[in-house]
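A.B. asks:
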Ligand code: SAM
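In this note's numbering, the protein residues as written are 5 to 290.
#1: Pull up the distance between the alpha-carbon of residue 45 and that of residue 69, whole angstroms please.
#2: Less than 8 Å separating the beta-carbons of residue 23 and residue 88?
#3: If you pair each beta-carbon of the segment 239–259 with each one of the segment 150–167, do three or more pairs fall below 8 Å?
#4: Using a Cβ-Cβ cutoff of less than 6 Å, which residues in the same chain neighbour residue 124 once the five nearest sequence positions on both sides are dropped?
#5: If we require 3 or more residues per run, which beta strand (DSSP E) segments fall completely within the segment 124–182?
#6: Who are the Cβ neighbours of residue 175 in its own chain at under 6 Å, not counting the five residues just before and after it?
#7: According to DSSP, residue 33 sits in a beta bridge with which residue or residues?
#8: May I ask you to list the residues that DSSP assigns as paired with residue 185?
#9: Check whether the segment 273–286 and the segment 162–178 are in contact - that is, three or more C-beta pairs closer than 8 Å.
#10: Please report the straight-line C-alpha distance between residue 213 and residue 145, rounded to a whole angstrom.
#11: Would the segment 185–192 count as touching the segment 237–252 if we require 3 or more Cβ pairs under 8 Å?
#12: Between which two residues does the alpha helix (DSSP H) harbouring residue 92 extend?
#13: How many Å lie between residue 283 and residue 201 at the Cα?
#14: Measuring from the CB of residue 173, is there a heavy atom of the ligand SAM at a distance below 7 Å?
#15: Going by DSSP in three states, residue 2 sits in which element: helix, strand or coil?
#16: Under the criterion of a Cβ to heavy atom distance below 7 Å, does residue 29 qualify as lining the ligand SAM?
#17: Does residue 97 pass the burial test, meaning 16 or more other C-beta atoms within 10 Å, or should it be called exposed?
#18: Could you check if residue 286 belongs to the surroundings of the ligand SAM, using beta carbon to heavy atom distance under 7 Å?
#19: Report whether the distance from the Cβ of residue 222 to the nearest heavy atom of the ligand SAM is below 7 Å.
#20: Verify the contact flag: residue 58, CB atom, against every heavy atom of the ligand SAM, threshold strictly below 7 Å.
#21: Decide if residue 92 is buried, meaning its Cβ has at least 16 other Cβ atoms within 10 Å, or exposed.
#22: Which residue comes first and which comes last in the alpha helix (DSSP H) that contains residue 258?
#23: Rounded to the nearest angstrom, what separates residue 128 and residue 59 at their Cα positions?
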């Protein structure tokens, strides 16, 4: 099968199968060989790697992954794409296609089955409507992984990379930076996809830390604290935390902890670093 990164080949496959794009699944297929080459290079795929691909579409990137990796496991929700994938990937015997919703799959079990529980690399041109739950799911379920190299909406890539004091800084930035080192490796304009998305895209690589850069006694409660801090962006941290029923802390306790840390009682969540959130969490829940 000829490379689907070439637009004419993708169009031929879509016509052959009378494929209808499903907006609800965030289907924008890549049609740019140089972007595909850059994703594979950024993910540093070798013949030792087992790769998990989320949303293979018609198999465009899967072809590149199958060439570079030892094994590829591709999870696609849209059942109308399965016969197409069987066709476009028929030349490869190292690809497993699963017709599943990635948010419902036991990814740890998949990694056990296909890579003996050793760390995999995740590579995907993600469906943008579920970018955050997919990434958080991989991290929070402690899926053994080396890196995640993904195409996301440009704005979301920026959010993953920024630090305190910027408008994009939030719960996603902190969660990503607790688990991994983020690096934007390419900006990708809408004309590299069919159909064209109405937002700019970027490829970001998240390299998993072996140890998180900060130590915290209760990871789960720190993230609950972080979420509560950014839920009410315009409120001070003391009010935001005091109002969050699930945390069970009073405004007075929050104010006292901030004071012990030498922070102003009117500080907002967006000013705190990951290290400060970890310290605040330990003071409140430790
Ligand atoms: N990888 C292909 C490419 O680059 O051309 C397609 C990328 S497209 C942006 C996203 C793909 O994810 C679509 O094929 C879509 O059907 C699939 N998808 C959407 N939601 C999914 C889910 N919950 N689980 C698995 N795949 C999903």
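Think of the CB as a built atom: it goes at the ideal place given N, C-alpha and C, for glycine as much as any other residue.
C.D. replies: Quick answer:
#1: Taking the first residue of the chain shown as position 1, residue 45 is located at position 41. Taking the first residue of the chain shown as position 1, residue 69 is located at position 65. Each residue's alpha carbon lies about 10 Å from the other.
#2: The residue you call residue 23 lines up with position 19 of the chain shown. The residue you call residue 88 lines up with position 84 of the chain shown. Yes; because the gap between Cβ atoms is below 8 Å, this pair is in contact.
#3: Taking a cut-off of 8 Å for Cβ pairs, the segment 239–259 and the segment 150–167 do not touch, as fewer than three such pairs fall below it.
#4: In the chain shown, counting from the first residue as 1, residue 124 sits at position 120. Excluding residues within five positions, the ones whose Cβ falls inside 6 Å are 54, 56, 115 and 149.
#5: For the segment 124–182, whole beta strand (DSSP E) runs of length 3 or above, ordered along the chain, are 124–129 and 149–157.
#6: Translated into the one-based positions of the chain shown, residue 175 becomes position 171. Cβ contact annotation for residue 175 (same chain, cutoff 6 Å, sequence separation greater than five): 230, 231 and 234, in chain order.
#7: For the purposes of this step, residue 33 is identified with residue 29 of the chain shown, where counting begins at 1. Answer is 198, bridged to residue 33.
#8: Residue mapping note: residue 185 aligns to position 181 of the chain shown, counting from 1. Beta-bridge annotation (DSSP): residue 185 is paired with 211.
#9: Yes, they touch.
#10: Position 209 of the chain shown, counted from the first residue, corresponds to residue 213. Position 141 of the chain shown, counted from the first residue, corresponds to residue 145. Distance between the alpha carbons of residue 213 and residue 145 is about 15 Å.
#11: By the criterion of at least three beta-carbon pairs nearer than 8 Å, the segment 185–192 is not in contact with the segment 237–252.
#12: Taking the chain shown and counting its residues from 1, one reaches residue 92 at position 88. For residue 92, the uninterrupted alpha helix (DSSP H) run begins and ends at 86–92, by DSSP.
#13: Residue mapping note: residue 283 aligns to position 279 of the chain shown, counting from 1. Residue mapping note: residue 201 aligns to position 197 of the chain shown, counting from 1. Cα-Cα distance, rounded: 41 Å.
#14: Here residue 173 refers to the residue found at position 169 of the chain shown. In this structure, the ligand SAM has no non-hydrogen atom nearer than 7 Å to the beta-carbon of residue 173.
#15: Here the chain comprises residues numbered 5 to 290, so residue 2 is not present and cannot be evaluated.
#16: Here residue 29 refers to the residue found at position 25 when the chain shown is read from its first residue. Yes - the ligand SAM has a heavy atom lying nearer than 7 Å to the Cβ of residue 29.
#17: In the chain shown, counting from the first residue as 1, residue 97 sits at position 93. With fewer than 16 other Cβ atoms within 10 Å, it is exposed.
#18: On the chain shown, position 282 is the one that residue 286 refers to. Not so, every heavy atom of the ligand SAM lies at least 7 Å from the Cβ.
#19: The sequence position of residue 222 within the chain shown is 218, counting from 1. Not so, every heavy atom of the ligand SAM lies at least 7 Å from the Cβ.
#20: In the chain shown, residue 58 corresponds to position 54, counting from 1. Because some heavy atom of the ligand SAM lies under 7 Å away, the Cβ of residue 58 counts as near it: yes.
#21: Your numbering for residue 92 matches position 88 in the chain shown. Under this definition residue 92 is a buried residue.
#22: Here residue 258 is taken as the residue at index 254 of the chain shown, counted from 1. Note, residue 258: alpha helix (DSSP H), 255–264.
#23: Within the chain shown, the letter at position 124 stands for residue 128. Within the chain shown, the letter at position 55 stands for residue 59. C-alpha separation (whole angstroms): 7 Å.
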